[in-house]
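The sequence shown: position 516 = 516 (full-length UniProt numbering), numbered continuously. By construction, the Cβ of each residue, glycine as well, lies at the ideal position given by its N, Cα and C atoms.
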Amino acid sequence: MSEADWAGLEGALRLLHFEPGAVILSPAQPEAEGLYVVFRGEVRLEQDGQAVAWLEPGEAFGYPSLLGQQPPSLTVRAEGEAACLLLAKEAFHRLLERPSFALFFSARLAERLRLFQPSALSLPDLGQPAGEAAEAAVWLEEGASVAQAARRMRERGVSALLLQTPEGLAILTDRDLRNRVLAEELSPSTPALRVASAPAKTLPAASPLYEALAYLEQQGIHHLPLTEGSQVVGLLTDRLFLRRWLQTPLGLLRSLEQGDLGSLQDYRERLHAIVRQMLAAGFAVPAITRQVSLLNDALTRSLLRRFEARLGPPPCPYAWLALGSEGRTEQALLTDQDNALVFQNSSARPYFVALAQDVLEGLLEAGFPPCPGGFMADRWCYALSEWAARFQQWLEKPEGERLLEAQVFLDFRSIAGGLSPEPLHGYLRQASKNRAFLTALAHSALAFTPPLGFLGRIHWEAGQINLKKGGLAAIVALARVYGLEAGSLARPTPERLRAAAEARLLPKEEAEDLSEAFLFLSHLRLKHQLAALGRGQLPSNRVAQEALSPREQQMLRQVFWRIRQAQQALAARFRLQTL
């Protein structure tokens, strides 16, 4: 708000003082008098006589009543001596005309989290088919003039036109008009075909996007027609933001796919530099983690090709599996290795154990430390039939070590090899109907308790908080249970939550709240991890209270409360007691 806005509130703000236990709002009264903001002390929110939350200085209440024009749904009581600022109802409604003010005071946590986080740029998936990122092609008649071509570009808002000629495909770009028509002072009636480029360079639409972008760079062109057979199905444009922001990941990806590993010791630093640049540029965390997964996958495939050449061709089809956060495509900075290997014939085990050992050494050299829990492909290296037996054991007796193993492998994602993991997907579908297994998973999910104390305050351990233990890991575990019950094969946490909402296992609002909470925590953790790296420290999941702004602490508190509520709902669904 500007100084003029504050000046306009003169006379609309009052400071109210309350004795300990005083009722400030009650469902027995009509609509709230205005917007309350805790100024000093604390207030307690109660439902049916039970405390459900505590608010500290800077936090607001009363707005759901104002927005709904109805009595308050909760009782608000002073915890001790407290003081609150009261903004008159009329002034509150005037401020609601401002979109940002209205959005912040939405009753939805998801919307408040979206507003709190910086606007994030999206980034196309470099591994998707290029055709999915292409624009529709705009055509020009063969006999058209350059003046007609310029008008067509203006009308359709494009920078390139395609022409079909007896000799093949031709392309005319806005650069051609500038360099070959205006600069040469040609007549507007000049045939467009005379200044077009022919034959136009093309690629199949099924080509990976990173390959198509690399081809654009290699050829020094900015527009690339994409084909299916002999038909043009789209036009890929090298837009400025692609050239600017994809240059570094694209170069690294291309070198990995071509087998040019260079110095593996540089991989970690190069990857972290890409993550730092993307976060600073405003890219959303999911966009960053997708690119990181794409690069890590390419590194693994390159290592596999290198060591297959040394050991000889694989004796049977296989699949290399990524597990954990890498399996969910949610890894931003390099963490412990979590992987496994499945192959078709049990007699081929010696070959694949040797292959796994070599690849793990390469990943270690690239900056991936070993998994403390031992979830690595040299140990978890089995034939498909043996994997099937293990999945069956996990489903039949989900307890102890078996349950821990099941949770790790439920996030598996195949990243290399020609063996289809479809038979293992069949066990995931079985799990969606196995109530005992789902109940065991739900019970395990409740172990990730949000760090909230008795009075609803954040519990700081030595002035720090672990964003993963009671935050990110809790949401991941909740999403895993609900996603599996919904029968979804999705791995990313937000996709699992969305699938659960579509299956009506979760209210849509709760799924969105948890998804946005996950993104908020992910962004906060990554920001502080990169700051630690910049100071020459090892990144961790812990963040100091002094490093968080008051608003960040308030949002954290709301996020942890939402997680606790979601865990209580999960416990009720599976008839479990919350921890």
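- Under DSSP, the beta-bridge partners assigned to residue 382 are 342.
- Counting the other Cβ atoms within 10 Å of the Cβ of residue 443 gives 16 or more, which makes it buried.
- DSSP, reduced to helix, strand and coil, places residue 574 outside both helices and strands of the structure shown, so it counts as coil.
- Nearest to residue 79 by alpha-carbon distance, out of 90, 51 and 68, is 51.
- Shown here for residue 521: same chain residues with a beta carbon closer than 6 Å to its own, the five before and five after excluded, namely 467, 471 and 472 in chain order.
- If you compare the alpha carbons of 505, 272, 177 and 128 with that of residue 152, the shortest gap goes to 177.
- In terms of CA proximity to residue 350, 314 leads the group 416, 314 and 437.
- Between the C-alpha atoms of residue 491 and residue 292 there is a straight-line separation of about 16 Å.
- Taken through DSSP and simplified to helix, strand or coil, residue 414 comes out as strand.
- Burial check for residue 528: the Cβ neighbour count within 10 Å reaches 16 or more, so the residue is buried.
- Buried is the label assigned to residue 272, since at least 16 other Cβ atoms lie within 10 Å of its Cβ.
- A Cβ-Cβ contact shorter than 8 Å links residue 224 with residue 203.
- Look at residue 223 here: in three-state DSSP terms it is strand.
- Residue range 146 to 156 is occupied by the alpha helix (DSSP H) that includes residue 150, with no beta strand (DSSP E) assigned at that position.
- Going by beta carbons, residue 359 and residue 304 fall inside the 8 Å limit.
- Residue 466 sits in a strand when the DSSP states are folded into three classes.
- Leaving aside the five residues that flank residue 543 on each side, the residues in its chain whose CB is nearer than 8 Å to its CB run, in chain order, 464, 465, 467, 524, 525 and 528.
- For residue 443, there is no enclosing beta strand (DSSP E); the residue is found in the alpha helix (DSSP H) stretching over 435 to 445.
- Residue pairing for residue 24: DSSP places it in no beta bridge.
- A check of alpha carbon separations from residue 164 across 190, 436, 199 and 253 identifies 199 as the nearest.
- One Cα belongs to residue 133, the other to residue 431, and the distance between them is close to 35 Å.
- Listed in chain order, the non-local C-beta contacts of residue 378 below 7 Å within the same chain comprise 353, 356, 357 and 360, local neighbours out to five positions each way being set aside.
- The alpha-carbon of residue 519 is positioned some 30 Å away from that of residue 434.
- Put simply, of 505, 474 and 475 the residue whose alpha carbon is nearest the alpha carbon of residue 487 is 505.
- For residue 76, the number of other beta carbons within 10 angstroms of its own is at least 16, and it is reported as buried.
- In the DSSP assignment, residue 39 falls within the unbroken beta strand (DSSP E) covering 34 to 40.
- Ranked by how close their Cα comes to the Cα of residue 226, the residues 213, 329 and 559 have 213 in first place.
- About 4 Å separates the Cβ atoms of residue 35 and residue 87, confirming a contact at the 8 Å cut-off.
- Where residue 90 is concerned, the enclosing alpha helix (DSSP H) starts and stops at 89 to 95.
- Between the segment 286 to 300 and the segment 390 to 400 there are fewer than three inter-stretch CB-CB distances shorter than 8 Å, so the stretches are not counted as touching.
- In the DSSP secondary-structure assignment, residue 17 is bridged to 83.
- Counted as a single uninterrupted DSSP element, the alpha helix (DSSP H) harbouring residue 525 occupies residues 508 to 534.
- Counting of Cβ neighbours within 10 angstroms places residue 340 among the buried residues, the total reaching 16 or more.
- Per DSSP, residue 163 is one residue of the beta strand (DSSP E) stretching across 160 to 165.
- Within the same chain, Cβ atoms closer than 6 Å to the Cβ of residue 238 are found at 216 and 222, the five residues on either side in sequence being excluded.
- Approximately 10 Å separates the beta-carbon atoms of residue 235 and residue 130; this is outside 8 Å, ruling out the contact.
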